[in-house]
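Protein chains in written order, with the working numbering: chain A, 1 to 471; chain B, 1 to 471. Every residue gets a Cβ at the ideal spot worked out from N, C-alpha and C, and that includes glycine.
Protein chains: 2
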Amino acid sequence: MTLQTKVVPSLREAILRAGLRDGMTLSFHHHLRDGDNVLNTVLAECSLMGLKDLTVNASAIMGCHRPLLDFIEDGTVTGIECNFMHANVGRSISRGLLKREVIFRSHGGRPAAMERGESPVHAAFIAASAADAAGNCNGKEGIAAFGSIGYAMPDAEHADYVIVLTDHLVEYPLMDASITEDRVDAVVVVDSIGDPKRIMSGTTRVTRDPIGLLIAEQTARAVQASGLLRDGFSFQTGAGGTSLAVASYLGGIMRERGITGRFASGGITGLLVDLMKEGLFETLLDVQCFDREAVESIRENARHGEISASRYASPTARTAVVDHLDVVILGATEIDTDFNVNVHTDSNGVIMGGSGGHSDTAAGAKLSVIVAPLVRARLPLIVDRVGTISTPGEDIDLLVTQYGIACNPKQAELSEKLRYAGLPVFSIHDLKARAESITGRPARIESSGRTVARVISREGDLLDEIRTVMG
Amino acid sequence: MTLQTKVVPSLREAILRAGLRDGMTLSFHHHLRDGDNVLNTVLAECSLMGLKDLTVNASAIMGCHRPLLDFIEDGTVTGIECNFMHANVGRSISRGLLKREVIFRSHGGRPAAMERGESPVHAAFIAASAADAAGNCNGKEGIAAFGSIGYAMPDAEHADYVIVLTDHLVEYPLMDASITEDRVDAVVVVDSIGDPKRIMSGTTRVTRDPIGLLIAEQTARAVQASGLLRDGFSFQTGAGGTSLAVASYLGGIMRERGITGRFASGGITGLLVDLMKEGLFETLLDVQCFDREAVESIRENARHGEISASRYASPTARTAVVDHLDVVILGATEIDTDFNVNVHTDSNGVIMGGSGGHSDTAAGAKLSVIVAPLVRARLPLIVDRVGTISTPGEDIDLLVTQYGIACNPKQAELSEKLRYAGLPVFSIHDLKARAESITGRPARIESSGRTVARVISREGDLLDEIRTVMG
Numbered sequence: 001m002t003l004q005t006k007v008v009p010s011l012r013e014a015i016l017r018a019g020l021r022d023g024m025t026l027s028f029h030h031h032l033r034d035g036d037n038v039l040n041t042v043l044a045e046c047s048l049m050g051l052k053d054l055t056v057n058a059s060a061i062m063g064c065h066r067p068l069l070d071f072i073e074d075g076t077v078t079g080i081e082c083n084f085m086h087a088n089v090g091r092s093i094s095r096g097l098l099k100r101e102v103i104f105r106s107h108g109g110r111p112a113a114m115e116r117g118e119s120p121v122h123a124a125f126i127a128a129s130a131a132d133a134a135g136n137c138n139g140k141e142g143i144a145a146f147g148s149i150g151y152a153m154p155d156a157e158h159a160d161y162v163i164v165l166t167d168h169l170v171e172y173p174l175m176d177a178s179i180t181e182d183r184v185d186a187v188v189v190v191d192s193i194g195d196p197k198r199i200m201s202g203t204t205r206v207t208r209d210p211i212g213l214l215i216a217e218q219t220a221r222a223v224q225a226s227g228l229l230r231d232g233f234s235f236q237t238g239a240g241g242t243s244l245a246v247a248s249y250l251g252g253i254m255r256e257r258g259i260t261g262r263f264a265s266g267g268i269t270g271l272l273v274d275l276m277k278e279g280l281f282e283t284l285l286d287v288q289c290f291d292r293e294a295v296e297s298i299r300e301n302a303r304h305g306e307i308s309a310s311r312y313a314s315p316t317a318r319t320a321v322v323d324h325l326d327v328v329i330l331g332a333t334e335i336d337t338d339f340n341v342n343v344h345t346d347s348n349g350v351i352m353g354g355s356g357g358h359s360d361t362a363a364g365a366k367l368s369v370i371v372a373p374l375v376r377a378r379l380p381l382i383v384d385r386v387g388t389i390s391t392p393g394e395d396i397d398l399l400v401t402q403y404g405i406a407c408n409p410k411q412a413e414l415s416e417k418l419r420y421a422g423l424p425v426f427s428i429h430d431l432k433a434r435a436e437s438i439t440g441r442p443a444r445i446e447s448s449g450r451t452v453a454r455v456i457s458r459e460g461d462l463l464d465e466i467r468t469v470m471g
Numbered sequence: 001m002t003l004q005t006k007v008v009p010s011l012r013e014a015i016l017r018a019g020l021r022d023g024m025t026l027s028f029h030h031h032l033r034d035g036d037n038v039l040n041t042v043l044a045e046c047s048l049m050g051l052k053d054l055t056v057n058a059s060a061i062m063g064c065h066r067p068l069l070d071f072i073e074d075g076t077v078t079g080i081e082c083n084f085m086h087a088n089v090g091r092s093i094s095r096g097l098l099k100r101e102v103i104f105r106s107h108g109g110r111p112a113a114m115e116r117g118e119s120p121v122h123a124a125f126i127a128a129s130a131a132d133a134a135g136n137c138n139g140k141e142g143i144a145a146f147g148s149i150g151y152a153m154p155d156a157e158h159a160d161y162v163i164v165l166t167d168h169l170v171e172y173p174l175m176d177a178s179i180t181e182d183r184v185d186a187v188v189v190v191d192s193i194g195d196p197k198r199i200m201s202g203t204t205r206v207t208r209d210p211i212g213l214l215i216a217e218q219t220a221r222a223v224q225a226s227g228l229l230r231d232g233f234s235f236q237t238g239a240g241g242t243s244l245a246v247a248s249y250l251g252g253i254m255r256e257r258g259i260t261g262r263f264a265s266g267g268i269t270g271l272l273v274d275l276m277k278e279g280l281f282e283t284l285l286d287v288q289c290f291d292r293e294a295v296e297s298i299r300e301n302a303r304h305g306e307i308s309a310s311r312y313a314s315p316t317a318r319t320a321v322v323d324h325l326d327v328v329i330l331g332a333t334e335i336d337t338d339f340n341v342n343v344h345t346d347s348n349g350v351i352m353g354g355s356g357g358h359s360d361t362a363a364g365a366k367l368s369v370i371v372a373p374l375v376r377a378r379l380p381l382i383v384d385r386v387g388t389i390s391t392p393g394e395d396i397d398l399l400v401t402q403y404g405i406a407c408n409p410k411q412a413e414l415s416e417k418l419r420y421a422g423l424p425v426f427s428i429h430d431l432k433a434r435a436e437s438i439t440g441r442p443a444r445i446e447s448s449g450r451t452v453a454r455v456i457s458r459e460g461d462l463l464d465e466i467r468t469v470m471g
């Protein structure tokens with residue numbers, strides 16, 4: 001048998017071989033973040049080819065994906081499924097640009113939906129910073145290296161046709177392949193999969209804002225008071241300035257008390273790499289690298305491991321990494337008095353985010369902490385009912401603001417521990433009143449238009465709906 | 001959520017949780033080779049529990065699995081699917097011990113059958129030399145380290161219930177996991193998964209037999225004459241003494257001529273590790289380690305990679321490693337004048353082997369070479385019709401014996417190249433006559449009993465049947 005190489009001469013040729021037709025679903029991953037060239041390039045080609053009614057299933061729609069709006073306008077794309085949507089696209093969706101409803105899932109719910117057959121993908125487009133001619137590929141090598149390729153792994157497993165796009169073709173076999181040739185149908189060599197400078201977008205530094213630092217310090221003290229901060233500790237936090245400050249404060253306590261954590265997980269930053277190198281965390285489990293230090297570390301360090309989105313957070317996994325978490329630190333645009341959290345829509349109900357791993361980690365971790373300033377842009381954080389339920393209140397244990405801490409009433413024992421440690425614990429209603437004493441009680445915008453998006457829980461059920469907003 | 005550990009107190013408890021009932025299928029892998037404790041232990045427990053009519057689907061039945069006969073006798077096991085069966089069990093099967101027909105597949109055909117849904121597995125039993133409490137595991141660490149766990153990877157992917165057995169439980173998360181927690185339901189800690197001394201069974205040394213050395217030298221010269229031995233060369237050979245001698249001679253030619261091979265694949269021995277370390281092969285793609293040097297190398301060397309059975313050889317893989325092979329060196333118990341090869345049954349028709357990766361690599365490689373002495377135990381190698389077709393003649397290019405070389409007639413150009421290089425090329429009929437001039441023409445034993453085994457091609461079709469033998 002003579003092996004046909006999988007390298008096809010053009011993206012168009014790959015799309016033709018995939019047999020893409022009107023109405024089919026294309027999948028993408030967002031490890032290249034705001035530097036991604038692949039989603040826009042593929043859709044532009046589909047548009048040129050006259051394909052219509054496509055559905056884009058992307059782990060996230062980033063700010064750089066604004067051209068997606070053009071492909072909606074021209075009828076190329078009529079459906080979107082994603083775990084996060086930047087306001088650049090979200091604003092138009094909220095105005096009703098797309099006829100079909102956007103389906104929002106979580107980072108764990110997305111592979112689960114593929115696994116259950118609820119979310120068939122006809123062609124997966126995988127951006128790889130290094131690949132060989134048979135499709136063995138990773139995100140660790142090459143000029144546009146971005147580290148973990150974890151969100152794309154379920155796509156490679158479940159899609160009918162798998163296309164790897166790369167700007168760095170290496171000799172067969174690529175060792176340390178994260179996605180392997182048995183899953184890959186075609187390889188397309190492109191000039192650039194993304195702009196390395198914009199892959200690692202800005203905010204991966206500890207905040208200098210005094211309010212953020214105050215919240216972070218209180219959070220670290222609350223985690224310590226919870227009793228979970230002991231040898232074997234496991235931890236996840238985002239890449240926002242306050243979240244990183246929490247990691248930094250926790251690192252300080254661990255250093256001082258000689259505590260060694262077992263793992264930190266999720267999106268990995270240089271700060272977590274430093275904590276690992278210092279020995280404060282033994283290992284890192286990485287589904288996405290947030291900065292250059294993380295990319296270098298996952299390539300070099302055997303204790304910094306890559307995980308698939310399924311292993312990270314899927315509810316169909318026998319267990320996922322999130323199920324082992326002691327503590328997760330999460331953000332919120334709104335939280336309500338039942339502790340339901342909104343990270344999908346802003347105070348006007350406009351789409352500007354999404355769950356990502358929010359609901360997955362909140363469901364998995366022993367202690368789920370929301371950190372946020374009590375007032376933002378003259379609006380109170382705490383409301384009677386969030387505009388969109390992204391994560392159900394039953395999965396949230398603690399809210400930490402600069403004016404104090406609120407504990408979910410189901411966590412009476414935790415509340416006692418925090419009080420005993422001298423932390424300022426209030427009822428969430430008290431914190432809400434405090435916020436409103438500063439801002440006044442804002443008029444509630446009730447959206448009454450048609451549904452433009454459905455938020456699907458990680459288990460696959462309807463969690464909430466997002467309606468049109470005029471503006 | 002509080003995570004339930006997957007460590008169950010006993011094998012019996014794991015079997016109960018798997019919901020194993022009469023008539024179900026259990027799967028096993030053979031990386032522990034003749035030192036394996038797991039298959040016998042699991043079947044003994046099933047027998048004690050009174051389970052009946054089970055099917056054993058094992059990548060190979062080794063000599064140490066002789067107790068399987070007892071579990072057939074007592075009705076625990078009534079079905080076997082495997083890629084190889086040692087004579088210890090094969091002799092009884094050939095006498096008709098099992099009512100249902102054994103299903104023989106190849107190392108690539110086995111995962112393909114699982115993928116196609118033709119071979120459902122209810123519970124997979126995975127022997128891991130290291131595992132954590134969530135089931136992340138590998139074969140690289142621990143006292144009974146055996147290296148690649150490639151044959152078990154499809155089992156973990158497809159089985160309804162996945163049980164990891166280990167004698168080396170490590171703290172979560174095991175890094176460098178070959179099988180991950182999202183696939184694993186239960187972990188059982190046992191005293192010993194296998195005897196490390198017997199895992200690596202004997203014959204991984206270059207032969208000293210002058211006939212074997214002559215065949216090996218002629219083979220190396222034939223490979224050179226074929227034109228395939230150039231930079232980028234890829235190669236596979238077994239662990240037999242003559243096969244290893246071929247690798248050694250090829251290494252000599254490569255060293256002398258400054259040729260660098262790209263990869264060697266399949267079952268890996270210390271000899272191939274040495275060739276890689278010397279720089280004669282850049283990488284190794286390893287589905288199974290044959291000796292301690294290989295185990296150490298796969299753990300330590302990034303250019304020595306682990307591959308799953310699917311990636312190794314599955315016809316359902318988009319491509320497999322075997323599809324990239326230039327040359328494979330294979331054995332035979334018989335070969336016929338159409339170049340069909342038998343590695344399943346001996347000259348009496350008794351089961352004593354199986355395809356393993358024979359038919360997979362023969363189908364994939366550009367040049368498939370059978371190496372064997374023309375006469376063995378006073379019996380000629382070449383017959384009119386092999387007792388069992390293990391690999392179809394259309395996938396075999398060359399036969400090398402100590403009396404000369406026969407080239408498949410479809411390879412006229414290759415034949416010319418070999419003659420041009422001064423190699424002794426004969427028709428296979430001439431070689432057959434030569435053998436018979438030494439041994440006489442043996443009386444053919446025609447088996448006429450009922451079918452005891454079916455040989456299934458890697459594509460899933462019936463290739464041949466094996467019938468009862470009285471003896």
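Separation of residue j from residue i, as counted between CA atoms
{"i": "glutamate 282/B", "j": "alanine 156/A", "result": "27 Å"}
{"i": "glycine 357/B", "j": "glutamate 296/B", "result": "23 Å"}
{"i": "leucine 169/B", "j": "glycine 267/B", "result": "27 Å"}
{"i": "proline 67/A", "j": "arginine 299/B", "result": "46 Å"}
{"i": "glycine 147/A", "j": "proline 196/A", "result": "12 Å"}
Beta-carbon spacing of residue i, residue j below 8 Å
{"i": "leucine 214/B", "j": "leucine 244/B", "result": "no"}
{"i": "asparagine 136/B", "j": "glutamate 171/B", "result": "no"}
{"i": "serine 415/A", "j": "valine 400/A", "result": "no"}
{"i": "lysine 366/B", "j": "leucine 229/B", "result": "no"}
{"i": "valine 206/B", "j": "arginine 183/B", "result": "no"}
{"i": "alanine 313/A", "j": "valine 322/A", "result": "yes"}
C-beta neighbour in chain E for residue i, strict 8 Å
{"i": "aspartate 185/A", "result": "Absent from the structure is chain E; the protein chains it does hold are A and B."}
Buried versus exposed call for residue i [16 or more other C-beta atoms within 10 Å across all chains shown]
{"i": "aspartate 74/A", "result": "exposed"}
{"i": "histidine 429/B", "result": "exposed"}
{"i": "serine 359/B", "result": "buried"}
{"i": "proline 154/B", "result": "buried"}
{"i": "arginine 110/A", "result": "buried"}
{"i": "glycine 50/A", "result": "exposed"}
{"i": "methionine 1/B", "result": "Low confidence applies to methionine 1/B: its pLDDT is 43, below 50, so where it sits in the model is not reliable enough to give any reading."}
{"i": "glycine 23/B", "result": "exposed"}
{"i": "aspartate 461/B", "result": "exposed"}
{"i": "leucine 16/B", "result": "exposed"}
{"i": "aspartate 36/A", "result": "buried"}
{"i": "tyrosine 420/A", "result": "exposed"}
Anticipated Cβ contact below 8 Å, residue i with residue j, distance rounded
{"i": "glutamate 306/A", "j": "serine 178/A", "result": "6 Å"}
{"i": "threonine 242/B", "j": "valine 371/B", "result": "5 Å"}
{"i": "serine 94/B", "j": "isoleucine 351/B", "result": "5 Å"}
Q.
Give me the subset of the segment 289 to 315 of chain B whose CB atoms are less than 7 Å from a CB atom of chain A, sorted by chain position.
A. Ala302, Arg303, Gly305, Ser310, Arg311, Ser314
Q) Going along the chain, which residues of the segment 108 to 123 of chain B sit with their C-beta nearer than 8 Å to a C-beta in chain A? A) none
(Q) Any C-beta of chain B within less than 9 Å: which residues of the segment 425 to 450 of chain A qualify? (A) none
Q.
To be precise: take each residue of the segment 140 to 161 of chain A, compare its Cβ to all Cβ atoms of chain B, and keep it if any distance is under 8 Å. Which residues remain?
A. none
Q. Quick one, which residues of the segment 246 to 275 of chain A are near chain B if we go by CB-CB under 8 Å, in chain order?
A. Arg262, Phe263
**Q.** Where the segment 346 to 370 of chain B meets chain A: residues whose CB sits under 9 Å from a CB there
**A.** Ala363, Gly364, Ala365, Lys366
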